[in-house]
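Residue numbers (the numbering used here): 184 to 722. Scroll down for the structure; my scribbles are underneath it.
What follows is the structure, encoded as structure tokens:
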């Protein structure tokens, strides 16, 4: 199936197999047996898959459905794709492969699709929707799956139980050809494992070290892997460490030039040196700093982990570096205490909202006979869905602005509020209420009660406006967005941030709190839904 010659003869191969199956299993007559069936399959062995596990808007994907049963092929197979707005798109699929496993004969059908906006899409696979076959059992001729589409690529890794997780987009590592083929069918990047330890490689000459790394990458490319996952690449700020980083960067410059599409994920232990940042940025590596709560608590103290994240993670979201935290949640690197793990994920998202994913480190596999339902793997999938794929709403104290922070009683005060969407999809119908609370009397006055139509994702380059008002914000599709100058002729609009305005006239002096409550729909995640700012009103 990977060559044009094989694709050319696929219809003939399918016809030969189908002809034989027809002789062995006659399908004529109204009393025919169950000729076709379709189902989503299991988590680890799905029958309906797509070519990118978490698709990205405006990028084409291929949806594949495995039609089982002894019926004749080709048969009509239609994919009905429905978005949240109710709009439907039909794609008629073509047979691409026939085979037999230990359960039944099957033929895979495929169709291409390019999503035009973010959101959850319902894909219903219909086998023989017009009833042209003699299949007398039709209850199992349709199956439905949900495909999430995000605005940018998410890097979701799980060291361990990848087959048991639904939303893991990168396999680490893929060992053999069958494993690689399995992951590619599930729309998952297959990685090769390398451990370029400084202590080992610095025993070599510079030429030998570079040759070692380049040849290792070449072997993984020849095996059909999509990228590399590098363990133990962090360095200490000493002479040998900086020399190691220089050689490492030189080797991976060669690797990037030879294999420009090769994805490199780079685990970093300890502090990240500026030189490591430069190597990562120049070669488009995805950095994965190790953030292991139990390990840090044991080595330092029980209050160390949060300050550590606050110091480390925000730096990774700047300077055009792609980075995701490698969160410890098993073994020496973290406890499998679910509330603590979710709290740490929320903490990381709050501290560094721009990081596009996570590596769940040191997971375990499903036990024999253990169901996905209620499992630790399902819990991890929920975290991915809740905090990375869905719209994620956040507001902080620094998102509340006033035109005067020392007003007098009866002076009108302009209040502006900024609401963020840091999730993978556009948010819609986000309710916001703005209050002024007098802290002495606890009396609260409603200043604004409104619904933001939409908070999108990312940024948009737009022509520079002529009027003064357009120089700090722009209203796009009913939502007010902040902007900054981009070039002499264009501005950059932040679609993932919405602005709201209110006017407040305090009627008495004293301490006040401007309070903001965010109330999005139940399909959204509220990361931080309440914020307040305290000010003093003079007499």
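Every residue gets a Cβ at the ideal spot worked out from N, C-alpha and C, and that includes glycine. As the structure is a computational prediction, the values presented were derived from the model and not from experiment.
Check	Outcome
Same chain, Cβ closer than 6 angstroms to residue 366, five either side skipped, listed in chain order	354, 357, 373
C-alpha gap between residue 252 and residue 351, whole angstroms	30 angstroms
Three-state class that DSSP yields for residue 405 in the structure shown	helix
Between the CA atoms of residue 237 and residue 700 - distance to the nearest angstrom	31 angstroms
Residue 348 (DSSP reduced to helix, strand or coil)	coil
Coarse secondary structure for residue 332, derived from DSSP in three states	strand
Nearest candidate by alpha-carbon position, reference residue 680, set 579, 318, 333	579
Residues bridged to residue 367 (per DSSP)	DSSP, once it has assigned bridges, lists no residue as partnering residue 367.
Beta-carbon spacing of residue 546, residue 510 below 8 angstroms	no
Where residue 410 sits in the DSSP three-state scheme	strand
Per-residue burial, residue 493 [other beta carbons within 10 Å of its own, 16 or more giving buried]	exposed
Buried or exposed (CB count within 10 angstroms, at least 16 for buried), residue 676	buried
Residue 658, DSSP secondary structure in three states	strand
Three-state secondary structure assigned by DSSP to residue 574	coil
For residue 492, the first and last residue of its enclosing alpha helix (DSSP H)	488-499
From 228, 255, 288, 347, residue whose alpha carbon lies closest to that of residue 563	347
Distance CB(residue 332)-CB(residue 301) smaller than 8 angstroms	yes
Proximity to residue 610 [Cα-Cα], best of 638, 565, 266, 522	638
Identified DSSP bridge partners for residue 326	308
Given residue 276 as reference, the closest of 287, 268, 263, 284 once Cα atoms are compared	263
Integer Cβ distance of residue 432 from residue 465, believed to fall under 8 angstroms	7 angstroms
Contact under 8 angstroms by Cβ, residue 622 with residue 696	yes
Unbroken stretches of the beta strand (DSSP E), 3 residues or longer, contained in the region 270-294	271-275, 277-283
Residue 527 burial status per 10 Å Cβ neighbour count (16 or more: buried)	buried
Residue environment, residue 559, which counts as buried when at least 16 other CB atoms sit within 10 Å	buried
Whether residue 146 touches residue 698 by CB criterion (8 angstroms)	Outside the shown range of the chain (184 to 722) lies residue 146, about which nothing can therefore be said.
Whole-number beta carbon distance between residue 363 and residue 399, since they are thought to touch under 8 angstroms	The Cβ separation is near 17 angstroms, so there is no contact.
Rounded straight-line distance, which links the Cα of residue 222 to that of residue 320	14 angstroms
Inter-residue CB distance, residue 678 and residue 642 (contact presumed, cutoff 8 angstroms)	6 angstroms
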